[in-house]
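**Student:** Heads up: the protein sequence lines correspond to chains A and B, in order.
For the first sequence, numbering that gives the first Met the number 0 gives the first residue as 0, with consecutive numbering after it.
For the second sequence, numbering that gives the first Met the number 0 gives the first residue as 0, with consecutive numbering after it.
Structure incoming, see below.
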Amino acid sequence: MKILVPVKRVVDYNVKVRVKPDQSGVDLANVKMSMNPFCEIAVEEAIRLKEAGKADEIVVVSIGPSQAQETIRTALAMGADRGILVTAEGRVEPLAVAKILAKIVEEESPDLVVLGKQAIDDDANQTGQMLGALLDWPQGTFASKVELDGGNVTVTREIDGGLQTIKLDGPAIVTTDLRLNEPRYASLPNIMKAKRKPIDTKTPEDYGVDISPRLEVVKVTEPPKREAGIKVESVAQLVDKLKNEAGVL
Amino acid sequence: MAVLVIAEHDNKSLNDATRAAVTAASKMGGDIHVLVAGKGASGVAEAAGKLDGVAKVLHADADHLEHKMAEALAALVLSLADGYDAILSPATTTGKNFMPRVAAKLDVMQISDITSVESADTFVRPIYAGNAMMTVKSTDAKKVITVRGTTFEKAGDGGSASVESVDAPAGPFKSAFVSEELAKSDRPELTAAKIVISGGRGMASGDNFHLLDKIADKLNAAVGASRAAVDAGFVPNDYQVGQTGKVVAPELYIAVGISGAIQHLAGMKDSKVIVAINKDEEAPIFSVADYGLVADLFKALPELDAELAKAGY
Chain A
0 MKILVPVKRV VDYNVKVRVK PDQSGVDLAN VKMSMNPFCE IAVEEAIRLK EAGKADEIVV
60 VSIGPSQAQE TIRTALAMGA DRGILVTAEG RVEPLAVAKI LAKIVEEESP DLVVLGKQAI
120 DDDANQTGQM LGALLDWPQG TFASKVELDG GNVTVTREID GGLQTIKLDG PAIVTTDLRL
180 NEPRYASLPN IMKAKRKPID TKTPEDYGVD ISPRLEVVKV TEPPKREAGI KVESVAQLVD
240 KLKNEAGVL
Chain B
0 MAVLVIAEHD NKSLNDATRA AVTAASKMGG DIHVLVAGKG ASGVAEAAGK LDGVAKVLHA
60 DADHLEHKMA EALAALVLSL ADGYDAILSP ATTTGKNFMP RVAAKLDVMQ ISDITSVESA
120 DTFVRPIYAG NAMMTVKSTD AKKVITVRGT TFEKAGDGGS ASVESVDAPA GPFKSAFVSE
180 ELAKSDRPEL TAAKIVISGG RGMASGDNFH LLDKIADKLN AAVGASRAAV DAGFVPNDYQ
240 VGQTGKVVAP ELYIAVGISG AIQHLAGMKD SKVIVAINKD EEAPIFSVAD YGLVADLFKA
300 LPELDAELAK AGY
């Protein structure tokens with residue numbers, strides 16, 4: 000079985016981003032970038048399925064600037080087999096990404112596509128579902144457990160209120176939630192080895208996909224700031240303030 | 000202009016998130032129709048008809064709609080999409096699951112988790128874990144939108160819309176429900192509670208959460224948690240408040256033993272009043288807290304419990 004894993008290069012999750020003064024976006028100059036944490040979980044899951052003898056090849060795809068190649072290398076160092084980089088500058092929306100991925104799925108015919116549930120930059124939570132729709136494949140989103148059984152995929156999903164288990168008739172789409180696994184660190188020898196693994200470079204035009212955004216960004220602003228609070232000395236004072244000053248008790 | 004709102008429910012009662020979505024729809028102008036899809040959910044359809052501003056309720060009743068599987072719901076919504084300029088759903092796990100399928104099939108970009116409606120084609124939504132707000136104008140003919148429940152008023156019960164049955168496409172859908180494991184709780188739902196008390200890694204163990212439970216029972220509050228507390232196995236994952244968990248905006252949020260990582264703040268910083276109890280006075284949570292108490296939570300929580308008892312709770 001072949002697994003396709005799309006990965007995204009995003010601002011590192013520990014960075015507190017700053018909005019540009021001209022309100023055109025957030026300042027990404029000289030900010031640390033990393034693989035989106037949910038994508039790391041997707042790569043890890045694919046590797047575990049391969050280690051369990053359920054998959055034989057893992058192909059990693061990233062769509063973005065040429066630096067996204069580093070993100071693909073990271074996945075290769077974790078254990079993926081080869082990469083596809085689709086170079087595209089600027090903001091590429093989930094719909095365009097899903098369309099490119101659908102073309103790659105047609106070319107590569109994977110049995111399973113594993114994506115992160117959302118990217119921590121645009122927080123959209125759409126790409127996996129959109130890809131499922133474009134391919135007419137079933138989807139198991141927000142997965143906290145994935146089991147392969149022949150062509151079927153059993154997915155336990157994190158839903159409001161608890162967990163839900165569903166069975167998908169493969170080929171299928173899975174999007175990962177935080178508790179699916181703990182991604183491994185790439186070892187130095189594996190990072191060296193990853194440099195020799197192949198990465199194909201493509202463009203959206205190669206796939207005949209128009210990536211012009213459908214959503215025009217009018218402005219990006221700072222969220223409303225909270226007024227500075229006070230420190231209280233004791234629990235009694237806290238209860239008193241909540242009751243008599245804030246009026247919430 | 001007509002707007003379709005897809006109701007969130009458990010086949011028995013209408014979820015409050017639907018009320019927020021109806022309010023968002025009313026800000027776009029035009030007729031509002033609500034779709035109730037489920038099995039045996041006629042009570043929900045009736046409740047939806049009473050919502051302020053709703054002109055009509057569409058009720059689809061079928062066995063295969065019982066568990067709100069994405070494939071079946073998307074097919075149903077698509078069968079109705081022709082008549083609408085916009086389709087809205089609450090940004091619950093159900094809405095997040097099926098709506099992007101609808102958008103992709105209609106070849107439009109979904110606008111996720113909106114917090115404000117500026118006009119019929121312009122919306123505000125948080126990005127980067129709520130550290131920036133993006134105003135976007137959609138150039139698509141049809142708008143597909145999910146609505147953040149905590150930022151819109153809940154529509155009231157002043158309406159009297161008629162309920163009309165609609166057929167649901169029957170599939171087959173290549174996906175099947177196997178089982179569900181729902182956490183049982185007598186407390187108010189996290190996203191709807193007026194008061195939320197959350198514990199973090201500082202709680203040290205799951206057993207210690209009873210300290211929060213006692214206070215929550217006194218205040219009729221919901222209990223939440225940070226990702227650290229969930230990952231450590233202290234509480235189930237549906238307690239999680241944050242960028243990747245639930246977004247809450249209660250009147251009062253009490254963060255206990257939570258450092259205040261940006262991913263957690265994304266889920267609670269719109270609360271009206273925030274209280275932080277933490278022994279580390281440098282913890283980032285104090286930068287958003289209205290009232291901060293630097294103290295050992297194992298001392299402070301029993302004291303709080305006692306003070307509340309004294310105050311008549």
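We treat Cβ as the ideally placed atom computed from N, Cα and C, and that holds for glycine.
Check the Cβ of T220(A) against every Cβ in chain B and list those closer than 9 angstroms, keeping chain order.
**Tutor:** Under the 9 angstroms cutoff, chain B gives V123, A131, M132, M133 and T134.
**Student:** Measuring straight from C-alpha to C-alpha, what distance separates Y206(A) and M34(A)?
**Tutor:** Taking the straight line joining both Cα atoms gives about 24 angstroms.
**Student:** Tell me which residue opens and which closes the beta strand (DSSP E) that V91(A) is part of.
**Tutor:** No beta strand (DSSP E) contains V91(A), which DSSP labels as neither H nor E.
**Student:** Would T126(A) and L114(A) qualify as a contact pair, given that the criterion is a beta-carbon distance under 9 angstroms?
**Tutor:** Yes; because the gap between Cβ atoms is below 9 angstroms, this pair is in contact.
**Student:** Specify, as a first and last residue, the run of the alpha helix (DSSP H) that E221(A) falls within.
**Tutor:** Element bounds for E221(A): n/a, residue is neither H nor E.
**Student:** Output yes or no for whether 9 angstroms exceeds the beta carbon distance between M32(A) and V16(A).
**Tutor:** Cβ distance not < 9 angstroms, so M32(A) and V16(A) don't count as in contact.
**Student:** Determine the closest residue to I2(A) out of D80(A), T73(A), M129(A) and V14(A), with distance taken between C-alpha atoms.
**Tutor:** When only C-alpha atoms are compared, the closest one is D80(A).
**Student:** Please specify which runs of the alpha helix (DSSP H), each continuous and at least 4 residues long, are wholly inside the stretch 96–126 of chain A, giving them in chain order.
**Tutor:** Those alpha helix (DSSP H) runs which fall completely within the stretch 96–126 of chain A and span 4+ residues do not exist here.
**Student:** Grab me the residues of A97(A)'s own chain with a C-beta within less than 6 angstroms of its C-beta, minus the 5 sequence neighbours each way, in chain order.
**Tutor:** Hits under 6 angstroms: T126, M129, L130 and L133.
**Student:** In the DSSP assignment, find the unbroken beta strand (DSSP E) run with R100(B) in it and report its ends.
**Tutor:** Per DSSP, R100(B) belongs to no beta strand (DSSP E); it is in the alpha helix (DSSP H), T92 to K104.
**Student:** Determine whether the Cβ of V247(B) lies closer than 9 angstroms to any Cβ atom of chain A.
**Tutor:** No, because no Cβ of chain A sits closer than 9 angstroms to the Cβ of V247(B).
**Student:** Any idea which residues DSSP pairs G139(A) with across the strands?
**Tutor:** According to DSSP, which records beta bridges pairwise, G139(A) is partnered with V173(A).
**Student:** For H63(B), which beta-bridge partners are listed by DSSP?
**Tutor:** Note: H63(B) sits in no beta bridge, so no partner.
**Student:** Report the residue from V216(A), V238(A), V247(A) and T200(A) whose alpha carbon sits nearest the alpha carbon of Q68(A).
**Tutor:** It is T200(A).
**Student:** Might you give, ordered along the chain, the residues of its own chain that have their beta carbon closer than 8 angstroms to the beta carbon of V21(B), omitting 5 neighbours on each side?
**Tutor:** These residues qualify, in order along the chain: V4, I31, V33, L50, D51, G52, V53 and A154.
**Student:** Please say whether D120(A) and V7(A) have beta carbons closer to each other than 9 angstroms?
**Tutor:** It is Lys, not Val, that sits at residue 7(A) in the sequence shown. Going by C-beta atoms, K7(A) is nearer than 9 angstroms to D120(A).
**Student:** Please classify P36(A): does DSSP put it in a helix, a strand, or coil?
**Tutor:** If DSSP states are grouped into helix, strand and coil, P36(A) belongs with the helices.
**Student:** Along chain B, which residues have their Cβ under 7 angstroms away from the Cβ of V217(A)?
**Tutor:** Those are T121, T134, V135 and K136, listed as they occur along chain B.
**Student:** Can you give me the C-alpha to C-alpha distance between K192(A) and L147(A), rounded to a whole angstrom?
**Tutor:** Approximately 29 angstroms between the Cα atoms of the pair.
**Student:** Measuring straight from C-alpha to C-alpha, what distance separates V25(A) and V76(B)?
**Tutor:** Their backbone Cα atoms lie some 35 angstroms apart in a straight line.
**Student:** Exposed or buried, what is D279(B) when buried is set at 16 or more other beta-carbons lying within 10 Å of its beta-carbon?
**Tutor:** Burial call: exposed.
**Student:** According to DSSP, is N13(A) helix, strand or coil?
**Tutor:** The answer is coil: DSSP assigns N13(A) none of H, G, I, E or B.
**Student:** Check whether the stretch 250–260 of chain B and the stretch 188–202 of chain B touch, using three or more Cβ-Cβ pairs below 8 angstroms as the test.
**Tutor:** The answer is yes - the stretch 188–202 of chain B touches the stretch 250–260 of chain B, with three or more Cβ pairs under 8 angstroms.
**Student:** Determine the DSSP secondary structure at Q163(A), reduced to helix, strand or coil.
**Tutor:** Here Q163(A) sits in strand by DSSP.
**Student:** Evaluate P89(B) with the Cβ neighbour count: other Cβ atoms within 10 Å of its Cβ, from every protein chain shown; 16 or more gives buried, anything less gives exposed.
**Tutor:** Answer is buried; the Cβ neighbour count reaches 16.
**Student:** In the DSSP assignment, find the alpha helix (DSSP H) that holds S41(B) and state where it starts and stops.
**Tutor:** From DSSP, the alpha helix (DSSP H) with S41(B) extends over S41 to G48.
**Student:** Am I right that M202(B) and V240(B) are in contact with their C-beta atoms under 8 angstroms? What's the rounded C-beta distance?
**Tutor:** About 14 angstroms; that fails the 8 angstroms criterion.
**Student:** So L79(B) and V165(B) are in contact, right, with Cβ under 8 angstroms, and what is the actual spacing, rounded?
**Tutor:** Indeed, because the Cβ distance is near 7 angstroms, the residues count as touching under 8 angstroms.
**Student:** Could you spell out where the beta strand (DSSP E) holding K298(B) opens and where it closes?
**Tutor:** Here K298(B) belongs to no beta strand (DSSP E); instead the alpha helix (DSSP H) covers L296 to K309.
**Student:** Tell me which residue opens and which closes the alpha helix (DSSP H) that L79(B) is part of.
**Tutor:** A69 to L79 is the extent of the alpha helix (DSSP H) around L79(B).
**Student:** Smallest Cα separation from I284(B): which of H263(B), L300(B) and F233(B)?
**Tutor:** Of the candidates H263(B), L300(B) and F233(B), the one whose C-alpha sits nearest the C-alpha of I284(B) is H263(B).
**Student:** Over what stretch of residues does the beta strand (DSSP E) that includes K142(B) continue unbroken?
**Tutor:** Its beta strand (DSSP E) spans residues K142 to V146.
**Student:** Check distances from the C-beta atoms of the stretch 30–49 of chain A to those of chain B and list, in chain order, the residues that come in under 7 angstroms.
**Tutor:** Per Cβ criterion, the list is empty.
**Student:** Spell out the partners DSSP gives P5(A) in its beta bridges.
**Tutor:** V60(A).
**Student:** Under DSSP, the alpha helix (DSSP H) around P125(B) begins and ends at which residues?
**Tutor:** Unbroken run through P125(B) is the beta strand (DSSP E), T121 to I126; no alpha helix (DSSP H).
**Student:** Quick check on the DSSP output: the alpha helix (DSSP H) that includes E69(A) runs from which residue to which?
**Tutor:** A67 to M77 is the span of the alpha helix (DSSP H), which, as asked, contains E69(A).
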